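A.B. asks: Here it is: the structure, laid out below.
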Amino acid sequence: MASTPVQNPPTVDLVIPVYNEEEAIAVFHRRLSAVIDPLPYSFHILYVNDGSKDATAERLAEIAAADRRVTVIELSRNFGHQAALTAGLDHSRADFVISLDGDGEHPPELIPQMLNLALQGYEVVLTQRVEAQQAGWFKRWTSDAFYRWLNRLSNTRILPGSGDFRLLSRRAANALGQMREYQRFLRGMVAWMGFQTVILPYTPAQRIAGRSKYSLRKMLKLAADAIFSFSLAPLFLGISLGGVFLLLALMEMIYVLSFWLTGRQDTLAPGWSSLMFVLLVVGGVLMITLGIIGVYVGFIFQEVKHRPIYFVRRILSSKEDSTRHDGQA
């Protein structure tokens, strides 16, 4: 009697960027393992250490030594969250790739649902934060304002409340890997690609330990990268401001002309203040326009250097790894 061939289970790579998470990472890994151990998939866990300055590297080495599914990618310095995610995606080879943070706010308990949706044929599974009670009103307000204005300025619609907790099919992950721009806003890049997408709402959990590594400065930089990478609308700001002030100048000219037509020109104030006002307005519009153009030129300058997105210092794994070790295309 012929034996029935054994079908290999689907493979899944979990890409987890970490930065200064020495207190949280061991707890997170136990929580993650409890979720994925019963699932009928072949998992590979890729921790990307983004230049942590605490004992995160030591904790990750201990995890890798105890769990054969774990590979630790240590970057040569802190390149940022988006670059760390890119490093993990570059080293993934599985049928499905799930990215999530290692601080516990992205609940790994959502992984089974994400995989079920992927098996239904969806190539991108986006998660959408529907509730963030632990976040302050300022963070919620700025997040809502950011997505609202970004979607108004850009032709690419980005899901409000989305982040970097997502699943990609191998085809979608390969497509994303072809996009090697230096200024990276991955959630916008994923939205720009298209592919069949489904949205999975979730409630973010509390951080396991420590504080968020996304400072206000980093969030502002991410917002700037998003706006200037996905919209040309700021370039038209100078034109709009010029039109507004041209209209104001026309109204002022009509106002002054009315004094001359009615013989009241002697009551007008000397023209020095009006002249200075016009000069300051024109100078302001020019400076704003030049500043916006300068930002775009700066982005172009960064891109044409074709520097790698990241460098890898070392890779810790219980098995030989022959994948790419830098961020160059």
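The opening residue of the sequence shown carries number 223 in the working numbering; numbering runs sequentially from there.
Think of the CB as a built atom: it goes at the ideal place given N, C-alpha and C, for glycine as much as any other residue.
Predicted model, so just to flag it, every value in this text is computed and none were measured.
At a cut of 8 Å, does the segment 313–325 reach the segment 259–272 through at least three beta carbon pairs?
C.D. replies: Yes, they touch.
A.B. asks: Rounded to a whole number of angstroms, what is the C-alpha to C-alpha distance between Gly516 and Arg388?
C.D. replies: 34 Å
A.B. asks: For Val234, which residues of its own chain have a beta-carbon under 6 Å away from its beta-carbon, when the five flanking residues on both sides are left out?
C.D. replies: Tyr263, Phe265, Ala316, Phe318
A.B. asks: Quick one: grab the DSSP three-state call for Val352.
C.D. replies: coil
A.B. asks: Give me, in chain order, the residues of the same chain whose beta-carbon lies closer than 7 Å to that of Arg281; leave out the 5 immediate sequence neighbours on both sides.
C.D. replies: Glu244, Ile247, Ala248.
A.B. asks: Apart from the five residues on each side of it in sequence, which residues of its chain come closer than 6 Å, Cβ to Cβ, to Leu254?
C.D. replies: Pro330
A.B. asks: Candidates Val347, Val504, Asp325: which alpha carbon is nearest Ile333's?
C.D. replies: Val347
A.B. asks: If you reduce the DSSP assignment to three classes, tell me which class Leu508 lands in.
C.D. replies: Here Leu508 sits in helix by DSSP.
A.B. asks: So, at 8 Å on beta carbons, what are the nonlocal neighbours of Phe417 in its own chain, with the 5 sequence-adjacent residues on each side left out?
C.D. replies: Contacts found: Glu345, Val346, Ser391, Arg393, Ala394, Ala397.
A.B. asks: Could you check whether the Cβ of Arg252 sits closer than 7 Å to any heavy atom belonging to the ligand NAD?
C.D. replies: By its list of ligands, the structure shown contains no ligand whatsoever, and the ligand NAD lies outside what it can speak to.
A.B. asks: For the alpha helix (DSSP H) that contains Gly326, what are its first and last residues?
C.D. replies: For Gly326, no alpha helix (DSSP H) encloses it, and the DSSP letter there is neither H nor E.
A.B. asks: Which of the three DSSP states, helix, strand or coil, is assigned to Tyr424?
C.D. replies: strand
A.B. asks: Taking the alpha-carbon of Ile430 as reference, which of Arg409, Gln400, Met509, Glu327 has the nearest alpha-carbon?
C.D. replies: Measuring C-alpha to C-alpha distances from Ile430 to each of Arg409, Gln400, Met509, Glu327 identifies Glu327 as the nearest.
A.B. asks: My understanding is that Gly324 touches Arg299, with C-beta atoms under 8 Å, so please give their C-beta distance in whole angstroms.
C.D. replies: Wrong, their Cβ atoms sit about 18 Å apart, outside the cutoff.
A.B. asks: Return the CA-CA distance between Ala340 and Pro232, expressed in angstroms with no decimal places.
C.D. replies: 11 Å
A.B. asks: Tell me which same chain residues have a C-beta within less than 8 Å of the C-beta of Ser539, skipping the five on either side of it?
C.D. replies: Ala286, Val292, Thr293, Val294
A.B. asks: Buried or exposed: which applies to Ser321, given that a residue is buried once 16 or more other Cβ atoms fall within 10 Å of its Cβ?
C.D. replies: buried
A.B. asks: Tell me which residues share the same chain as His251 and place their Cβ nearer than 6 Å to its Cβ, disregarding the 5 neighbours each side in the sequence.
C.D. replies: Ile285
A.B. asks: Between which residues of its own chain and Thr278 is the CB-CB distance below 8 Å, once the five residues before and five after are set aside?
C.D. replies: Val240, Tyr241, Asn242, Glu243, Glu244, Ile247, Asn271
A.B. asks: If contacts are defined as beta-carbon pairs under 8 Å, then Leu469 and Leu307 qualify, I think. What distance do you get, rounded to the angstrom?
C.D. replies: About 46 Å; that fails the 8 Å criterion.
A.B. asks: Kindly identify the DSSP beta-bridge partner or partners of Pro239.
C.D. replies: Val270
A.B. asks: Terminal residues of the continuous beta strand (DSSP E) containing Arg252?
C.D. replies: First-last for Arg252: 247–258, but that is the alpha helix (DSSP H), not the beta strand (DSSP E).
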